[in-house]
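Just below is one structure, and these are the notes that go with it.
Protein chains: 2
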Amino acid sequence: MQIVRELDDLRGEVKKAKKEGKSIGLVPTMGFLHEGHLSLVRSASSQDDVVVVSVFVNPIQFGENEDYEDYPRDLESDLQKAREAGGDLMFCPRVADMYPPGYATFVEVERLTEGLCGANRPGHFRGVTTVVNKLFNLVEPDRAYFGQKDAQQALTIKRMAEDLNMNVEVRVGPVIREEDGVALSSRNSYLSPEERRAARVLYRALSKARDLVYIDKEYRVETVRQCIEDEVGGEPLAQLEYAEIVNGDDLSSISEVKGNVLIALAVKIGSTRLIDNMLLEV
Amino acid sequence: MQIVRELDDLRGEVKKAKKEGKSIGLVPTMGFLHEGHLSLVRSASSQDDVVVVSVFVNPIQFGENEDYEDYPRDLESDLQKAREAGGDLMFCPRVADMYPPGYATFVEVERLTEGLCGANRPGHFRGVTTVVNKLFNLVEPDRAYFGQKDAQQALTIKRMAEDLNMNVEVRVGPVIREEDGVALSSRNSYLSPEERRAARVLYRALSKARDLVYIDKEYRVETVRQCIEDEVGGEPLAQLEYAEIVNGDDLSSISEVKGNVLIALAVKIGSTRLIDNMLLEV
């Protein structure tokens, strides 16, 4: 698997692939790859001729007091995992090449980015859409693959690509979980063994909410939210940041749990912020 | 010359041209074409195999009290002029196709867009960069052509294309003027004969400022600005909106007239807002 650092080298590879009539699949990541990313690489590999995995810890999507500096990095391991999953090229640009002096352009998606994580991480999605826009322009992928674990991010990027008439199909892969239900996340590496056990509360709360809707036919938004709050409240190491029950297509508020519904939550386990979600079809 | 209204039809034409190995030149306009636009169409025609002229009065770059509704339109005449200048395809999308319900994405260039026209037309450049980004993605041009008359717009679009790693070369053609120095603008059609005479004051003020620098060796920014203010102040029908002497590369403030310098002004003649500028190399 080839590592490419220079933007011009990447463009050269893209040009070559296009000339040969090959389709390109892009899996944008911040590295420290886990099975969630790798399932996307495998999807891409089954669909596209050339699979580009980008590894770039994007500074502009981190808030001032967030974990940009501490975000886990292991390029050696990423390279091996991505290769085994079917990746062809790993694109690892430098921050100074992505955001050179004088850089001034930002892409923003309104509304979709205002609630949920957007309300708690101002500027986060603006950083995400900006870097993904750049990556789309650099890699010119036929398809790009994102994980449903970041549900709001996936919807936001779909919206951006459609609104800006970008020639890319955005595909979203399912949340990948450990045996005990914990959603895979690079940030799980921050957790102590005790915190890792406490992290099960996210999936447990989501599952209880799902059962409340599907089995007990409880369609009142507030009651479902309360169920999540109670479950998270029962875990001493956990602190709920938000629990939202919203329209699964556009994240708008809903008055009852009907149609395509997203249940999403963010929880702090110690100092580690974790998110998870479930899509219900009611 | 072919007229294309549907986004999908445009994509089909672009695909065909690309497949045939043809280069594409794009001249984005709001229509009501004049010699300023046509000079760009001719440049494109001499450089590129397929010349796309887009005609789209972009609602999101107009402020609430601006002239979106009244902006002059004459598609029949535009078509004939663009064809004679070497245009191959006229792209005239509908507003509802460019900004469908739920549209939410905007592209913003910071700093460059804060002064000059940006200070007086909040949201204007955001509307411009957003629509141009969309047009670049739809037309996938090798080169795109803009006029120096809108100096701040040209710099902003260059910045956007570079920052977002768009695969397009942005070219800027010179200000085209009438015999008496008035810069060509679709908005000149708003002027009464008396106002049209008064509009000469923009070029007259710029020329006096230029002579003050080049001939009298006056390098004090305030003195040059005062010269423009006095000249515009002497025209009863004119009201100065701004006169700025700034760095011609990044529009930043300068302490003396040295290097690449942009002198730009906006003037209201009656209710019509006109802009003009000159680049000096000192």
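For the protein sequence lines, the chains are A and B, in the order given. Just so you know, we're using the numbering used here here: the first sequence kicks off at 1 and counts up by one. Just so you know, we're using the numbering used here here: the second sequence kicks off at 1001 and counts up by one. Cβ coordinates follow ideal geometry from the N, Cα and C atoms, glycine included.
Closest by C-alpha distance to residue i, when choosing among the options
i          : options                                        : result
ARG83(A)   : SER54(A), ASN58(A), GLY63(A)                   : SER54(A)
SER1023(B) : LYS1134(B), ALA1096(B), VAL1168(B), VAL1050(B) : VAL1050(B)
LEU91(A)   : GLU66(A), SER255(A), VAL14(A)                  : With the sequence shown as reference, residue 91(A) is identified as Phe, and Leu is not the correct amino acid for it. Among GLU66(A), SER255(A), VAL14(A), the Cα nearest to that of PHE91(A) belongs to VAL14(A).
ARG1159(B) : GLU1108(B), PHE1062(B), TYR1068(B)             : GLU1108(B)
ARG113(A)  : THR105(A), ALA104(A), GLY127(A)                : Rather than Arg, the amino acid found at residue 113(A) in this sequence is Thr. Comparing Cα positions, the closest option is GLY127(A).
GLU1169(B) : GLU1140(B), GLN1148(B), GLN1153(B)             : GLU1140(B)
VAL1194(B) : ALA1154(B), ALA1205(B), THR1272(B)             : In the sequence as presented, Val is not what sits at residue 1194(B); that position holds Glu. Considering only alpha carbons, the answer is THR1272(B).
PRO1101(B) : GLU222(A), ARG177(A), GLU162(A)                : GLU162(A)
ARG1171(B) : GLU1222(B), LYS1149(B), TYR1190(B)             : LYS1149(B)
ASP1242(B) : ARG1121(B), ASP1211(B), THR1105(B)             : The amino acid occupying residue 1242(B) in the given sequence is Tyr; Asp does not appear at that position. Here the closest residue by C-alpha is ARG1121(B).
GLU76(A)   : LEU33(A), LEU251(A), LEU206(A)                 : LEU33(A)
PRO1093(B) : ASN1065(B), GLY1021(B), VAL1131(B), PHE1146(B) : VAL1131(B)
ASP1088(B) : GLN1002(B), ARG1210(B), ARG1220(B)             : GLN1002(B)
ARG143(A)  : GLY173(A), ALA119(A), ASP250(A)                : GLY173(A)
LEU191(A)  : TYR99(A), GLY63(A), THR105(A), LEU274(A)       : LEU274(A)
THR1129(B) : TYR1071(B), ASP1008(B), VAL1221(B), ILE1157(B) : ILE1157(B)
ASP67(A)   : VAL213(A), ASN188(A), THR105(A)                : ASN188(A)
LYS18(A)   : ASP48(A), PHE62(A), SER43(A)                   : ASP48(A)
Supposed close pair residue i, residue j - CB separation, criterion 8 Å
i          : j          : result
VAL232(A)  : ILE245(A)  : Between ILE245(A) and VAL232(A) the Cβ distance is about 14 Å, and since that is not below 8 Å, they are no contact.
LEU240(A)  : GLY36(A)   : 23 Å between Cβ atoms; not a contact.
ALA264(A)  : ALA151(A)  : 6 Å
SER39(A)   : ILE228(A)  : Not a contact, Cβ separation roughly 26 Å.
PRO1073(B) : VAL1057(B) : In the sequence on display, residue 1073(B) carries Arg and not Pro. About 7 Å separates the two Cβ atoms, so the contact holds.
VAL182(A)  : ALA199(A)  : 5 Å
TYR1145(B) : GLY1012(B) : Between GLY1012(B) and TYR1145(B) the Cβ distance is about 23 Å, and since that is not below 8 Å, they are no contact.
Terminal residues of the beta strand (DSSP E) in which residue i lies
i          : result
GLY1233(B) : It is not in any beta strand (DSSP E) - GLY1233(B) instead sits in the alpha helix (DSSP H) that spans 1221 to 1233.
ALA1266(B) : 1260 to 1269
SER1054(B) : 1050 to 1055
LEU237(A)  : From DSSP, LEU237(A) is part of no beta strand (DSSP E); its letter is neither H nor E.
ALA1096(B) : Looking at the DSSP string, ALA1096(B) is not in any beta strand (DSSP E); the run it does join, the alpha helix (DSSP H), is 1095 to 1098.
Contact list for residue i against chain B, beta-carbon separation under 8 Å
i         : result
GLU110(A) : ALA1104, THR1105, PHE1106
ASP250(A) : GLY1102
Chain-ordered neighbours of residue i on chain A, where CB pairs are closer than 7 Å
i          : result
ARG1159(B) : ALA104, THR105
ASP1163(B) : TYR103, ALA104, THR105
LYS1134(B) : LEU164, ASN165
Backbone CA spacing between residue i and residue j [nearest angstrom]
i          : j          : result
LEU116(A)  : GLU1235(B) : 56 Å
GLY1270(B) : LEU1237(B) : 6 Å
ASP1180(B) : ARG1225(B) : 22 Å
SER186(A)  : GLN1080(B) : 59 Å
GLU1281(B) : SER1255(B) : 15 Å
GLU6(A)    : GLU69(A)   : 22 Å
PRO1028(B) : LYS208(A)  : 54 Å
GLY1259(B) : LEU1135(B) : 34 Å
ILE60(A)   : VAL41(A)   : 25 Å
ILE1215(B) : TYR1203(B) : 17 Å
ALA85(A)   : LEU164(A)  : 31 Å
ASN1247(B) : LEU1138(B) : 33 Å
SER1045(B) : LEU1010(B) : 19 Å
GLU218(A)  : LEU262(A)  : 15 Å
VAL201(A)  : TYR1103(B) : 36 Å
ARG196(A)  : GLY31(A)   : 21 Å
VAL267(A)  : MET1278(B) : 57 Å
ASP1008(B) : TYR1071(B) : 27 Å
ASP250(A)  : ARG220(A)  : 19 Å
VAL1004(B) : ASN133(A)  : 27 Å
GLU1020(B) : ASP1211(B) : 50 Å
GLY123(A)  : MET1166(B) : 23 Å
THR1105(B) : SER1252(B) : 28 Å
LYS1016(B) : GLU1064(B) : 40 Å
ASP1230(B) : GLY1118(B) : 23 Å
ASP1078(B) : ALA96(A)   : 44 Å
Within chain B, the residues that residue i reaches when beta carbons sit closer than 9 Å
i         : result
LEU279(A) : Under the 9 Å cutoff, chain B gives no residues; its nearest Cβ is about 19 Å from LEU279(A).
Beta-carbon neighbours of residue i, restricted to chain A and to distances below 9 Å
i          : result
LYS1268(B) : Result: empty, since nearest Cβ-Cβ is about 29 Å, beyond 9 Å.
LEU1007(B) : ASN165
Run of the alpha helix (DSSP H) containing residue i, from where it starts to where it stops
i          : result
PRO1193(B) : 1193 to 1198
ASP276(A)  : That residue, ASP276(A), is in no alpha helix (DSSP H); its beta strand (DSSP E) goes 272 to 281.
VAL14(A)   : 7 to 19
ALA183(A)  : ALA183(A) -> no alpha helix (DSSP H), and no H or E assigned at all.
GLN1002(B) : Run containing GLN1002(B): none in the alpha helix (DSSP H); it sits in the beta strand (DSSP E), 1002 to 1004.
SER132(A)  : For clarity, residue 132(A) is Val in the given sequence; the question names Ser instead. 124 to 139 is the span of the alpha helix (DSSP H), which, as asked, contains VAL132(A).
ARG73(A)   : No alpha helix (DSSP H) holds ARG73(A); DSSP gives it neither H nor E.
GLU162(A)  : 151 to 163
GLU1035(B) : 1035 to 1047
Closer than 8 Å at the beta carbon, the chain A residues around residue i
i          : result
ASN1137(B) : LEU164, ASN165, MET166, ASN167
Closer than 7 Å to chain D by CB, residue i
i          : result
SER1255(B) : Although the question refers to chain D, the structure presented lacks it and instead comprises the protein chains A and B.
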